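Numbered continuously in the working numbering, the sequence shown closes out at residue 585. For reference, the structure is listed below as structure tokens.
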Amino acid sequence: METDALRWFQLVADGVTVTEVSEIYAVSQPNVSRALSRLERDVGADLFRRSGRLLRLTAAGAAFKRHVDHLIHELDDGLAAVGEVVDPDRGEVTLAFPLSLGTWYVPELLSAFLAGHPHVRFELLRTTVGESGEIDRWLATRRADLEITTHRVRGPGVQWRQVAVEPLLLAVPLGHRLADRDSASLTDVHGEAFVLRRAPSGMREQVLALCRAAGFEPEVAYEVDDLPTVRGFVGAGLGVAVVPAMGLTAPLTLGTVRLLPLTDPGAARGIGLAWLDPRRPAAVGRTLPALCARDCHPDPRTDERLTTMAKRAQARIIAVANQKGGVAKTTTVASLGAAAAELGQRVLLVDLDPQACLTFSLGIDPESVGASIHDVLVSGAHLEEVIVRAADGVDLVPSTIDLAGAEAVLLSRPAREYVLRTALDEVSRDYDLILLDCAPSLGVLTLAALTAANGLIIPMPCEMLSHRGVGQLLDTVSDVRKILNKKLTIVGILPTLYDGRSNHAREVLDDVGHRYKIPVLHPPIPKTVRFAEAPALGRSILATARNSKGAAAYREVARSILAARTR
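Listed below in structure tokens is the structure:
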């Protein structure tokens with residue numbers, strides 16, 4: 019097999035078009051297509067499904083890609099090792115970065131690096147504005163070795179490390195009532211006009227999340243394309259804005275704009291370094307993360323807050339379980355996850371049901387998933403390798419029907435109950451909240467979820483027959499606490515499918531807390547057809563019926579769960 023053909027297969031499998039591959043490698047499109055066809059003949063299977071100009075991986079292609087990734091990874095490491103032996107202090111690194119870091123962070127970074135490695139050359143590429151959580155096209159097509167990002171990024175083969183924290187500031191015009199303050203909070207500008215970056219923009223998403231966490235939706239007066247324009251509109255008195263510090267010490271007057279430190283929790287953005295594992299940069303590039311790990315927030319008054327943020331605590335992990343089906347487990351995970359994301363939380367959802375209802379509900383076709391939670395639990399894949407960006411601001415570990423055979427495989431393995439906990443440990447500091455959608459059973463997978471979690475929510479419809487089985491689940495929880503996980507607590511029973519017009523539903527709601535002597539979460543989740551409509555659109559009810567009673571109930575439950583952790 020030709021090495022170039024394997025590389026081209028890898029790129030197309032990751033979503034790069036044949037046209038882009040031909041441009042990157044300076045070869046004709048027919049040459050790329052013929053090479054891929056020869057590769058399929060050599061393998062003896064169709065690696066792609068062809069739909070017009072689009073190529074999508076088949077099951078055989080997904081299985082083959084995992085091994086190709088490893089092969090190319092080893093080959094590139096070997097070539098890099100030879101380069102280090104021949105000339106360890108020379109080389110070229112292609113670095114991509116956003117405009118907002120180009121005036122302060124990147125120049126300082128390169129200056130410090132080149133002081134110790136004067137013969138290394140850098141090619142610089144400016145990234146485009148994109149969705150938070152996505153790498154830029156330069157890195158996606160391997161045009162860049164490294165990408166400096168202002169948000170956490172994920173994807174097949176993507177490695178990411180946070181290297182600095184940058185404060186966010188409130189920008190107000192001179193003469194504004196807050197202009198003489200030393201700091202401010204977003205509640206101080208509730209009801210005022212905002213100037214925001216135009217979508218897609220990670221900065222825009224973060225500002226919206228911070229405002230929602232402060233209890234309001236910002237009134238957007240203008241949407242613009244870059245940060246200098248944001249400051250220009252603010253200086254002209256057309257609104258207020260949240261902007262990154264960009265190396266400036268606040269409070270500060272900059273032209274006709276006054277910049278104030280924000281006291282809101284989470285008012286900072288992480289700066290990170292991303293690279294693609296199958297195409298690792300040379301040794302000098304791999305040295306860059308260590309040199310990036312330096313203090314980048316100049317205001318000493320914010321040091322303590324930002325240092326605390328940089329040293330992230332482990333995520334709160336909550337299992338949503340009930341061995342009875344049809345109790346709204348998946349709806350609860352999707353809706354609570356979306357509500358927590360609206361409140362500025364970094365959220366990961368894990369689909370532990372072979373039926374993959376959560377995966378489907380968030381707009382991802384389980385049959386098109388390349389790697390899933392099955393690969394993590396059974397084949398030892400790293401969790402980061404299978405995380406995908408889903409709808410409504412959450413990340414997802416998807417499931418497929420392959421998971422149905424996982425319990426049989428795990429039964430013969432020692433310490434099988436700890437396999438999920440071990441996998442989650444790798445990413446637990448990257449998130450504030452991890453929700454586990456359990457299968458309707460008390461099998462090995464549910465036991466693994468209870469062993470990994472530090473909290474449990476039990477969805478239960480307000481129907482008398484739904485009481486059956488809750489006692490058995492609580493007995494299992496008691497055994498898990500004694501033997502496997504002493505930290506497991508019951509967050510509460512969440513009443514679902516509640517019809518307040520029914521005397522029977524009200525009686526069940528009144529009885530459930532007394533019967534089991536555990537907390538009951540409020541408000542109960544109302545029965546509404548909106549919940550059934552949302553999965554067909556690949557979103558949660560918070561997006562499809564934002565102002566519905568169901569969405570409001572899940573928001574309130576999410577606030578109470580998050581508030582309980584801070585007490």
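In this text, a Cβ means the ideal position worked out from N, Cα and C, and glycines have one as well. Computed from a predicted structure; not experimentally measured.
On a CA-only basis, which of Ala441, Ala114, Thr167, His194 is nearest Trp156? Give me that one, please. Taking the first residue of the sequence shown as position 1, residue 156 is located at position 138. Out of Ala441, Ala114, Thr167, His194, Ala114 has the C-alpha closest to the C-alpha of Trp156.
Identify every residue that forms a DSSP beta bridge with Ala202. Position 184 of the sequence shown, counted from the first residue, corresponds to residue 202. DSSP, once it has assigned bridges, lists Leu280 as partnering Ala202.
Tell me, please, which residues DSSP counts as bridged to Gly288. Stepping through the sequence shown from its first residue, residue 288 is reached at position 270. According to DSSP, which records beta bridges pairwise, Gly288 is partnered with Val183.
Checking 8 Å against the spacing of the C-beta atoms, do Arg364 and Asp282 come in under that value? Reading the sequence shown from its first residue, position 346 is the one you call residue 364. Reading the sequence shown from its first residue, position 264 is the one you call residue 282. No, these two residues do not count as a Cβ contact at 8 Å.
Whose C-alpha, out of Val351, His135, Gly134, Thr274, is nearest the C-alpha of Pro191? Taking the sequence shown and counting its residues from 1, one reaches residue 191 at position 173. Nearest C-alpha to Pro191: Thr274.
Kindly indicate the opening and closing residues of the beta strand (DSSP E) around Glu237. In the sequence shown, counting from the first residue as 1, residue 237 sits at position 219. Run containing Glu237: 237-242, per the beta strand (DSSP E) assignment.
Can you name the residues that DSSP bridges to Asp369? The sequence position of residue 369 within the sequence shown is 351, counting from 1. Answer by DSSP bridge pairing, in chain order: Asp455.
Would you kindly work out how many angstroms separate the C-alpha atoms of Arg161 and Ala457, rounded to a whole number? Taking the first residue of the sequence shown as 1, we reach residue 161 at position 143. Taking the first residue of the sequence shown as 1, we reach residue 457 at position 439. When rounded, the distance between both Cα atoms is 42 Å.
From Glu235 to Arg179, what distance separates their C-alpha atoms? If you number the sequence shown from 1, residue 235 lands on position 217. If you number the sequence shown from 1, residue 179 lands on position 161. Near 31 Å, if we compare the C-alpha coordinates of Arg179 and Glu235.
Per-residue burial, Ile501 [other beta carbons within 10 Å of its own, 16 or more giving buried]: Residue mapping note: residue 501 aligns to position 483 of the sequence shown, counting from 1. Answer is exposed; the Cβ neighbour count stays below 16.
With a threshold of 8 Å on Cβ separation, who are the neighbours of Cys314 within its own chain once the five nearest residues in sequence on each side are excluded? Within the sequence shown, numbered from 1, the residue matching residue 314 stands at position 296. Confidence in Cys314 is poor, its pLDDT being 40 and thus under 50, which makes the residue's placement too unreliable to answer from.
Have a look at the DSSP bridge pairing and note the partners of Asp413. In the sequence shown, residue 413 corresponds to position 395, counting from 1. Answer by DSSP bridge pairing, in chain order: Leu366, Arg407.
At what residue ranges does the region 418-446 contain a whole run of the alpha helix (DSSP H), taking only runs of 4 or more? 424-428, 437-443
Using the C-alpha atoms, what's the distance from Leu277 back to Gly253? Here residue 253 corresponds to residue number 235 of the sequence shown, with the count starting at 1. Here residue 277 corresponds to residue number 259 of the sequence shown, with the count starting at 1. Approximately 11 Å between the Cα atoms of the pair.
Host alpha helix (DSSP H) of Val207 (start-end): On the sequence shown, residue 207 is found 189 positions in, with the first residue counted as 1. Note, Val207: premise wrong, no alpha helix (DSSP H); not H, not E.
Phe212 versus Val261 - alpha carbon distance: Residue numbering aside, residue 212 sits at position 194 when the sequence shown is read from its first letter. Residue numbering aside, residue 261 sits at position 243 when the sequence shown is read from its first letter. Cα to Cα, Phe212 sits roughly 11 Å from Val261.
Can you grab the Cα-Cα spacing for the pair Arg573 / Ser558, in whole Å? The count along the sequence shown starts at 1 and reaches residue 573 at position 555. The count along the sequence shown starts at 1 and reaches residue 558 at position 540. Cα to Cα, the separation comes out at about 12 Å.
Is Ala337 helix, strand or coil by DSSP? On the sequence shown, position 319 is the one that residue 337 refers to. Of the three classes helix, strand and coil, the one that applies to Ala337 here is strand, per DSSP.
Exposed or buried, which one is Val490 when buried takes at least 16 other CB atoms within 10 Å? Taking the sequence shown and counting its residues from 1, one reaches residue 490 at position 472. The sequence shown places Gln at residue 490, not Val. Result: exposed.
Measuring alpha carbon to alpha carbon, tell me which residue in Val462, Gly423, Val427, Thr112 is nearest Arg439. Counting from one through the sequence shown, the residue named residue 439 turns up at place 421. Closest by alpha carbon: Val462.
Report the rounded CA-to-CA distance for Pro544 versus Arg67, giving the unit in angstroms. Within the sequence shown, residue 544 is the residue found at index 526, counting from 1. Within the sequence shown, residue 67 is the residue found at index 49, counting from 1. For Pro544 and Arg67, the distance between alpha carbons rounds to 43 Å.
Tell me Gly473's beta-bridge partners as DSSP assigns them. By one-based count along the sequence shown, residue 473 stands at place 455. Ile336, Thr507, per the DSSP bridge assignment.
Which partner residues does Glu110 have in the DSSP bridge list? Locating residue 110 in the sequence shown gives position 92, where the first residue counts as 1. Per DSSP, Arg139.
Which residue wins for smallest C-alpha separation from Leu478, given the options Leu143, Lys342, Leu580, Arg56? The residue you call residue 478 lines up with position 460 of the sequence shown. In the sequence under discussion, the amino acid at residue 478 is Met, which differs from the Leu named in the question. Per the Cα distances, Lys342.
Inspect the CB distances between the region 392-401 and the region 421-430 and report whether three or more fall short of 8 Å. yes
Might you give, ordered along the chain, the residues of its own chain that have their beta carbon closer than 6 Å to the beta carbon of Ala263, omitting 5 neighbours on each side? Along the sequence shown, read from residue 1 onward, the residue named residue 263 stands at position 245. Closer than 6 Å at the Cβ level, and outside the excluded window around Ala263, lie Glu184, Pro185, Leu187.
Taking all protein chains shown into account, decide if His169 is buried (16 or more other Cβ within 10 angstroms of its Cβ) or exposed. What you label residue 169 is simply residue 151 of the sequence shown in a count that begins at 1. Label assigned to His169: buried.
Hey, is the region 384-391 in contact with the region 332-342, meaning 3+ C-beta pairs nearer than 8 Å? no
Among residues of its own chain, excluding the 5 on either side of Thr145, which ones have a beta-carbon nearer than 7 Å to its beta-carbon? Locating residue 145 in the sequence shown gives position 127, where the first residue counts as 1. Counting only Cβ-Cβ distances below 7 Å, and skipping sequence neighbours, we find Ala114, Phe115, Pro116, Asp154, Trp156, Glu165.
Terminal residues of the alpha helix (DSSP H) in which Glu58 lies: For the purposes of this step, residue 58 is taken as residue 40 along the sequence shown, with counting starting at 1. From DSSP, the alpha helix (DSSP H) with Glu58 extends over 47-61.
6 Å Cβ shell around Leu580 - same chain, five flanking residues per side excluded: As a working mapping, residue 580 is identified with position 562 in the sequence shown. Excluding residues within five positions, none has a Cβ falling inside 6 Å.
So what does DSSP say about Met478, is it helix, strand or coil? Taking the first residue of the sequence shown as 1, we reach residue 478 at position 460. Met478: strand per DSSP, three-state reduction.
C-beta atoms of Thr348 and Ile475 nearer than 8 Å: Position 330 of the sequence shown, counting from 1, holds the residue named residue 348. Position 457 of the sequence shown, counting from 1, holds the residue named residue 475. For Thr348 and Ile475, no; Cβs fall outside 8 Å.
Helix, strand or coil at Pro246 [DSSP, three-state]: Translated into the one-based positions of the sequence shown, residue 246 becomes position 228. Looking at Pro246 - three-state DSSP - the assignment turns out to be helix.
Nearest-angstrom Cα distance between Val495 and Arg139? In the sequence shown, counting from the first residue as 1, residue 495 sits at position 477. In the sequence shown, counting from the first residue as 1, residue 139 sits at position 121. If you take the alpha carbons of Val495 and Arg139, they lie about 58 Å apart.
Is Asp313 helix, strand or coil by DSSP? To locate residue 313, count along the sequence shown from 1; it is residue 295. The predicted position of Asp313 is uncertain, since its pLDDT is 40 and thus under 50; a value taken from the coordinates is nonetheless stated next. Three-state result, Asp313: coil.
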